[in-house]
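Reading through the structure tokens given below for one structure.
There are 2 protein chains.
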Amino acid sequence: MQNLLRNFKVVIHEKLYLKDPETSELGKKIVGESILLIDEIGFESFTFKKLGARISSNESSIYRYFENKHKLLLYLTSWYWGWMEYKLVFQTANIANLNVRLKKAIEVLSEEIQEDTNISHVNEKILNAIIINEYSKSYLTKEVDHENKEGYFAIYKRLVGRFETIIQEAQPNYVFAASLASTVIEGVLHQHFLKQHFPSLTTCNKHTAPQQFFTDLVFSTLNLKEYE
Amino acid sequence: MQNLLRNFKVVIHEKLYLKDPETSELGKKIVGESILLIDEIGFESFTFKKLGARISSNESSIYRYFENKHKLLLYLTSWYWGWMEYKLVFQTANIANLNVRLKKAIEVLSEEIQEDTNISHVNEKILNAIIINEYSKSYLTKEVDHENKEGYFAIYKRLVGRFETIIQEAQPNYVFAASLASTVIEGVLHQHFLKQHFPSLTTCNKHTAPQQFFTDLVFSTLNLKEYE
DNA sequence: TTAAAATTAATAGTATTACTATTATTATTG
DNA sequence: CAATAATAATAGTAATACTATTAATTTTAA
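Protein chains in written order, with the numbering used here: chain E, 1 to 228; chain P, 229 to 456.
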């Protein structure tokens with residue numbers, strides 16, 4: 001995994017940035033540090049001015065890379081889902097047994113990111129924390145239809161589609177595969193959030209991971225046995 | 229239902245407002261019109277100044293009722309979940325059969341609000357649209373733990389708890405009742421959103437309602453038959 | 001009925017945000 | 001070494017999210 005990821009670069013919609021942040025040190029710093037800063041102070045309080053101060057750079061220099069903070073968020077979330085897609089594809093490839101593959105897919109999608117893989121300037125563990133807290137804000141906007149048409153959510157949609165296929169192949173009779181796929185991917189984020197802030201609303205805690213809940217949910221719904 | 233609702237008033241945490249908007253015409257106008265305006269322009273673009281212009285009142289007068297627009301959103305969402313709780317309790321009361329009761333609960337929680345009941349200055353159909361688009365923003369904040377401690381999410385938590393109980397009573401062996409309850413309630417909003425903006429990510433459309441998906445999901449998961 | 005109290009409206013003002021524009025400086029490359 | 005590209009610095013703007021003060025109006029209670 002480590003090795004495979006070494007040559008990994010997420011291809012992100014080029015309208016999401018003005019200048020590709022991967023092509024310069026400043027760009028990488030903007031991406032890397034914005035993740036840390038958004039995690040610390042939250043997306044609402046995050047500004048390019050504060051980020052500039054933090055990386056000893058200027059507000060206006062950041063505007064050379066990203067039009068505004070919303071586009072930066074779309075960039076970061078695309079990166080995350082692209083990385084997740086990569087993990088999903090690699091970790092489920094070559095698993096012949098459809099049930100085992102489905103189980104693995106749920107595992108990849110729902111496991112907590114424990115470590116930064118150090119493959120890049122991106123801290124995946126903290127990026128995961130941001131996704132849990134901020135992802136919804138990237139699409140719960142009045143511009144969503146326009147931005148969707150532009151293709152800004154393409155990676156996420158492709159990921160949901162891949163998971164839908166894995167579900168459908170494991171149980172061809174099931175008619176709600178798309179909804180189940182999107183419910184699980186969204187639900188995973190939600191359960192992680194509840195675990196941290198509303199423990200009474202979730203069964204998940206130190207001993208029970210979202211993975212267990214969703215594995216049980218999907219296999220029961222599809223009327224499949226986890227081991228066979 | 230109409231009649232029962234006539235004497236209905238949601239009891240909302242008193243720290244969510246500075247002056248109870250139910251006690252004056254201006255207050256009711258603020259609540260009623262804020263729903264319409266947020267629906268029209270989205271929560272991000274919504275300001276008290278714009279609302280003031282719309283109700284031919286002054287920005288500063290609105291500040292007499294609500295500290296800021298975040299508190300107003302918490303007020304509106306509390307109202308919505310309180311109304312939902314009321315519907316849930318009434319519509320599931322006196323249903324002896326536990327499976328039938330569970331099915332009814334899912335129906336109440338997932339059905340599309342078709343009509344404004346005209347019981348108040350609140351347009352429930354539009355409020356429902358707001359909840360779909362904006363509810364997450366009320367808790368995906370850095371202040372969530374503090375606000376949760378204050379009790380601002382009490383009504384929502386009580387609703388999830390009630391649904392959890394209905395699930396647990398229908399299937400006492402099931403160990404993930406809390407997570408299933410929160411997943412369904414959150415998932416319903418998400419599926420309604422996807423239906424409108426990302427049709428490829430959901431099975432729900434004109435012919436298939438979220439209700440069908442979630443009814444199937446819950447009954448399969450709990451290993452119960454819908455009719456028996 | 002009238003005076004006090006409460007409510008609402010109007011005006012002004014502030015710090016911050018989310019930018020844009022311009023120019024100067026520094027680094028890179030051909 | 002010169003041209004070009006990238007970055008930094010400075011300044012400025014309209015809008016936002018408020019606060020404070022005072023004035024006008026309405027409500028209530030003696």
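Even glycine gets a Cβ: it sits at the ideal position worked out from N, Cα and C.
Verify whether the separation of the beta carbon atoms of residue i and residue j is less than 8 Å.
i: P/E339; j: P/K353; result: no
i: E/N223; j: P/S448; result: yes
i: P/E261; j: P/R292; result: no
i: E/S179; j: P/Q419; result: yes
i: P/Y363; j: P/T411; result: no
i: P/F426; j: E/N148; result: yes
i: E/L102; j: E/V175; result: no
i: E/N99; j: E/E226; result: yes
Once the 5 residues before and after residue i are set aside, which same chain residues still bring their CB inside 8 Å of it?
i: E/V188; result: L109, S110, P210 and F214
i: E/Y75; result: I12, L16, Y17, P21, V31 and F66
i: E/K104; result: Q91, T92 and I95
i: P/K297; result: F271, F274, T275 and F276
i: E/K9; result: E22
i: E/K29; result: I55, S57 and H121
i: E/I35; result: L76, V122, N123, I126, L127 and I130
i: E/K19; result: G27, R64 and Y65
i: E/V89; result: R162
Using a Cβ-Cβ cutoff of less than 6 Å, which residues in the same chain neighbour residue i once the five nearest sequence positions on both sides are dropped?
i: P/L422; result: L429 and T430
i: P/K181; result: Since the displayed chain P opens at 229 and closes at 456, residue 181 of chain P lies outside it and no answer follows.
i: P/W309; result: I383, Y384 and L387
i: P/C432; result: Q419, K423 and P438
i: P/A405; result: E392, I395 and Q396
i: P/E287; result: F276, K277 and G280
i: P/W307; result: V238
Leaving out five residues on either side along the sequence, give the residues of the same chain with a beta carbon under 7 Å from the beta carbon of residue i.
i: E/L37; result: F46, K50, L51 and R54
i: E/G151; result: H13
i: E/I113; result: E124, K125 and N128
i: P/E335; result: Q439
i: E/H181; result: One detail in the question is off: residue 181 of chain E reads as Ala in this sequence, not His. Taken in chain order, the residues that qualify are V160, F163, E164 and I167.
i: P/D267; result: I354, A357 and I358
Check whether the Cβ of residue i lies closer than 7 Å to any heavy atom of the ligand GDP, and answer yes or no.
i: E/E14; result: Of the ligands one can find in the structure shown there are none, so the ligand GDP has no counterpart to examine.
Query raised in the report: Mind listing which residues of the stretch 174-198 of chain E have their C-beta closer than 8 Å to chain P's C-betas, in chain order?
Result: V175, F176, A177, A178, S179, L180, A181, S182, T183, E186, G187, H190, Q191, F193, L194, H197 and F198
**Report entry** Contact the stretch 35-48 of chain E vs the stretch 127-140 of chain E: 3+ CB pairs below 8 Å
**Finding:** yes
Query raised in the report: Would you call the stretch 155-164 of chain E and the stretch 80-98 of chain E in contact, with 3 or more CB pairs under 8 Å?
Result: yes
Report task. Determine which residues of the stretch 120-139 of chain E have a Cβ less than 8 Å from any Cβ of chain P, and write them out in chain order. Result -> N133, E134, S136, K137 and Y139
**Report entry** Contacting positions in the stretch 256-277 of chain P - beta carbon closer than 8 Å to chain E
**Finding:** I269, G270, E272 and S273
Query raised in the report: Does the stretch 387-394 of chain P come close enough to the stretch 165-177 of chain E that 3 or more CB-CB pairs lie under 8 Å?
Result: no
Report task. Anything in the stretch 281-308 of chain P with a Cβ closer than 7 Å to a Cβ of chain E? List those residues in chain order, please. Result -> none
Query - Residues of the stretch 324-345 of chain P with Cβ closer than 9 Å to any Cβ of chain E, in chain order - result: none
Report task. Taking only beta carbons into account, state which residues of the stretch 370-397 of chain P come closer than 7 Å to chain E, listed in chain order. Result -> K370, V372, D373, N376, K385 and V388
Query raised in the report: What residues in the stretch 435-454 of chain P have a beta carbon less than 7 Å from any beta carbon of chain E?
Result: F441, D444, L445, S448, T449 and N451
Requested in this report: May I ask you to list, following chain order, the residues of the stretch 240-253 of chain P that have a beta carbon less than 8 Å from some beta carbon of chain E?
Outcome: none
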